[in-house]
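Here's the structure we're looking at; comments come further down.
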DNA sequence: GTGAAAGCGCTAACAA
DNA sequence: TTGTTAGCGCTTTCAC
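Chains as they are written, first to last, in UniProt numbering: chain B, 1 to 318; chain R, 1 to 318.
Here is the structure:
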């Protein structure tokens, strides 16, 4: 039997007798034959590998996304190169060159904030690119969490609980996501509703509560926080003041970062950005692009979900 | 000029006239020539890629290590395949097959606890393997944090502060690391020193303090915690009881997970496992093995470091 | 339906 | 020192 017949049989290409095909497959199985991906890639111009460029050393956002991407790819026989740039342009260039040398079928660019710009060389490689949690050029394919919808989810939930004096304590004003959420919040809570920008820390949550509750005027009956860490600071500060949660003040966070949101007292109701799903979608998109299919460019915003715990609303243990 | 002369010139192999070599290099640069890694790998049997198998979806341990590995590899022109198994044996098999098909030069197996066993197929591939934060076979090359040394660092630090009634609150007894640390602690603190096993949660830290401070008997003047999360629970519980930290009770954690350790009040003095360095060492090791060099097998335990904050000893802001 | 032959882009012998 | 040749392991015409 010739080598090309075997190839045809295994790949189902060309015309092959059903009988021979079975035989070839059986024997291949028996001897544990596995085609050499390098050789195949060399010939077909498709390496069945894609690269993921990330600037996140810390992993909180990246790894859930990466594992989402990986999950989708592995079932299509596609592998994932992890390229950690640590925000170093030299490393980014090095990785990009390596990806080109390896003939990857596509690149996923990930950042840790949605307004972070990718390296300019990226688009000049002639390799399809998908942007996740990052700002691509206007004609590119990007996936973001739907920050506005997430914020609405939080505010509507609080309003549904009968709260009317909702305060928004969030992170830095120069983060796009913080602004988007703040705007969505104000649309629902009214323009008079107050937004307190600060930084993304627990400490800021704490400090903000000190400010609000030591000044005169009406106090909020609900607080929507820009991150779980901020929410943690808020909750701790409220507890210090013997303000009951959610009785006096309901609290909703943002991130569903379980190490924080499960551990607050009471556990935190919060918004989940569905990072893994973001990864799935990005994986599917890059797979399609690598096959030459076209995808409508633009930013697709994937819905966030509300995770009920006890700091606001029908908690799962309440 | 022939194609093989060019190859020789670029790779510095064979004998080449310095003049031609320069010329070739210049032109290669000019036209942006980059060798096809697939073709090269096919011929040389070295793909210059290595795979990293991890069961960690969450990323807290994996990503710092992975970025350490990646940092080392990228400078040697070696790329890293990320294989997230999510603890699913089917996925592990799938990834392992893919790595074989791609002729990776080596595999790094990573787990989230040092006594987690790797899939048995792993060693039968004929590909060098390095184990990090995981239990490899006895004749394998493994890198672990030095849990015993880390624990000693913590206890000695507390003793150096004049504390004599040190308590150890840690995680689950069936984690190897928990036992190693507990033993090292007892060697220094004396066999009468108490170890409280529980789970790895903040809640457990809280509960342990309730127990200790509501029973009769001498109270500890220092607490060494098995994780930063536990330490956070401990600190919160102590604060609830108006016990001053570090005045009445000094606290040391384990992990230096900054999102936790920076945010406790006061900030947490803790043990850092140097995960990135672990990644560096693993990267170097797999690189050496993939070149056919031999490395003395066994578990190499890399030293932990003590990070001073304010919950015990000379804090950086104290 | 099957097999011989060509060739993907490169490196490594060897001959010139 | 340079060029010629063979071949890595596979897919893909195209005769048979």
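Positions of the beta carbon are idealized from the N, C-alpha and C atoms, including for glycine. For clarity, every value in this text was computed on a predicted model and none was experimentally measured.
Residue i: CB within 7 Å of a non-hydrogen atom of the ligand COA
| i | result |
| --- | --- |
| residue 6 of chain B | Ligands in the displayed structure: none, and consequently the ligand COA is not present. |
Buried/exposed call for residue i, threshold 16 Cβ in 10 Å
| i | result |
| --- | --- |
| residue 76 of chain R | exposed |
| residue 110 of chain B | buried |
| residue 121 of chain B | exposed |
| residue 88 of chain R | exposed |
| residue 183 of chain B | exposed |
| residue 283 of chain B | buried |
| residue 55 of chain R | buried |
| residue 4 of chain R | exposed |
| residue 264 of chain B | buried |
| residue 43 of chain R | exposed |
| residue 143 of chain R | buried |
| residue 67 of chain R | buried |
| residue 140 of chain B | buried |
| residue 290 of chain B | buried |
| residue 59 of chain B | buried |
| residue 246 of chain B | buried |
| residue 297 of chain R | exposed |
| residue 292 of chain B | exposed |
| residue 281 of chain R | buried |
| residue 240 of chain R | exposed |
Proximal residues to residue i (C-beta, below 7 Å), its chain only, five neighbours per side dropped
| i | result |
| --- | --- |
| residue 104 of chain R | 47, 49, 50, 51, 81 and 127 |
| residue 249 of chain R | 220, 221, 222, 223, 238 and 243 |
| residue 95 of chain R | 53, 83 and 85 |
| residue 163 of chain R | 221, 222 and 250 |
| residue 318 of chain B | A caution first: residue 318 of chain B carries a pLDDT of 38, below 50, which makes its placement in the model unreliable, though a value can still be read off. Closer than 7 Å at Cβ, skipping near neighbours: 310. |
| residue 62 of chain B | 54, 56 and 110 |
| residue 209 of chain B | 234, 237 and 238 |
Cut-off 8 Å between Cβ atoms - residues of its own chain near residue i, not counting five sequence neighbours on either side
| i | result |
| --- | --- |
| residue 173 of chain R | 179 and 197 |
| residue 153 of chain B | 271, 304, 305 and 306 |
| residue 274 of chain B | 145, 302, 303, 304 and 305 |
| residue 320 of chain B | Look at the range of chain B in this structure, 1 to 318, and you will see that residue 320 of chain B is not part of it. |
| residue 17 of chain B | none |
| residue 216 of chain R | none |
Residues near residue i in its chain [Cβ-Cβ closer than 6 Å; skip 5 each side]
| i | result |
| --- | --- |
| residue 147 of chain B | 177, 180 and 181 |
| residue 15 of chain R | none |
| residue 116 of chain R | 134 |
| residue 214 of chain R | none |
| residue 316 of chain B | Residue placement at residue 316 of chain B cannot be trusted, given a pLDDT of 41 that sits under 50; the coordinates are not used to answer. |
| residue 112 of chain R | 56 and 61 |
| residue 25 of chain R | none |
| residue 167 of chain B | 194, 220 and 223 |
| residue 138 of chain R | none |
8 Å contact criterion, which residue i and residue j should meet: CB distance rounded
| i | j | result |
| --- | --- | --- |
| residue 272 of chain R | residue 305 of chain R | 5 Å |
| residue 185 of chain B | residue 155 of chain B | 5 Å |
| residue 260 of chain R | residue 225 of chain R | Incorrect: roughly 11 Å between the Cβ atoms, too far for contact. |
| residue 159 of chain R | residue 303 of chain R | With a Cβ gap of about 19 Å, residue 159 of chain R and residue 303 of chain R do not count as contacting. |
| residue 69 of chain B | residue 106 of chain B | Between residue 106 of chain B and residue 69 of chain B the Cβ distance is about 11 Å, and since that is not below 8 Å, they are no contact. |
| residue 206 of chain B | residue 313 of chain B | Contact flag wrong, Cβ pair sits at about 23 Å. |
| residue 200 of chain R | residue 230 of chain R | 7 Å |
| residue 38 of chain B | residue 10 of chain R | Actually they do not touch by this definition, with Cβ atoms about 20 Å apart. |
| residue 34 of chain R | residue 102 of chain B | Between residue 102 of chain B and residue 34 of chain R the Cβ distance is about 10 Å, and since that is not below 8 Å, they are no contact. |
| residue 64 of chain B | residue 279 of chain B | 7 Å |
| residue 98 of chain B | residue 79 of chain R | 5 Å |
| residue 108 of chain B | residue 72 of chain B | That belief does not hold up - the Cβ atoms of residue 108 of chain B and residue 72 of chain B are roughly 11 Å apart, past 8 Å. |
Exercise. Between the region 54 to 66 of chain B and chain R, which residues of the former have CB atoms less than 8 Å from a CB of the latter, in chain order?
Worked result: 56, 57, 58, 59, 60, 62, 63, 64 and 66
For this session: Name, going along the chain, the residues of the region 92 to 107 of chain R whose beta-carbon falls closer than 9 Å to a beta-carbon of chain B.
Result: 94, 95, 97, 98, 99, 100, 101, 102 and 103
Problem set entry | Entirely enclosed beta strand (DSSP E) segments - the region 235 to 262 of chain R, minimum 3 residues | 250 to 255
For this session: Jot down the residue ranges of each uninterrupted beta strand (DSSP E) in the region 29 to 77 of chain R, minimum 3 residues, whole runs only, in chain order.
Result: 49 to 54
Problem set entry | Residues of the region 191 to 218 of chain B whose Cβ lies closer than 8 Å to any Cβ of chain R, in chain order | 201, 202 and 203
Exercise. Going along the UniProt domain "HTH lacI-type" (1 to 44) of chain R in order, which residues come within less than 8 Å of chain B, judged by CB to CB distance?
Worked result: 34, 35, 36, 37, 38, 39, 41 and 42
Problem set entry | Contained beta strand (DSSP E) runs [length at least 3] in the region 171 to 232 of chain B, N- to C-terminal order | 222 to 225
Problem set entry | Near-chain R residues of the region 72 to 84 of chain B - C-beta to any C-beta below 9 Å | 74, 75, 77, 78, 79, 80, 81, 82, 83 and 84
Exercise. Can you list, in chain order, the residues of the region 111 to 129 of chain B whose Cβ is nearer than 8 Å to any Cβ on chain R?
Worked result: none
Problem set entry | Inside the region 122 to 161 of chain R only - beta strand (DSSP E) runs reaching at least 3 residues | 129 to 132 and 141 to 145
For this session: Mind listing, in chain order, the continuous beta strand (DSSP E) runs of no fewer than 3 residues lying wholly within the region 262 to 288 of chain R?
Result: 269 to 272
For this session: Please name the residues in the region 284 to 300 of chain R whose beta-carbon is closer than 8 Å to at least one beta-carbon of chain B, in chain order.
Result: none
Problem set entry | Where the region 157 to 177 of chain B meets chain R: residues whose CB sits under 7 Å from a CB there | none
For this session: Below 7 Å between beta carbons is the criterion; list the residues of the region 260 to 274 of chain B that meet it against any residue of chain R, in chain order.
Result: 263
Problem set entry | Positions along the region 217 to 233 of chain R whose CB lies within less than 9 Å of some CB in chain B | 229, 232 and 233
For this session: Could you name each continuous alpha helix (DSSP H) segment of 4 residues or more that falls completely within the UniProt region "Disordered" (1 to 22) of chain B, going from the start of the chain to the end?
Result: 3 to 11
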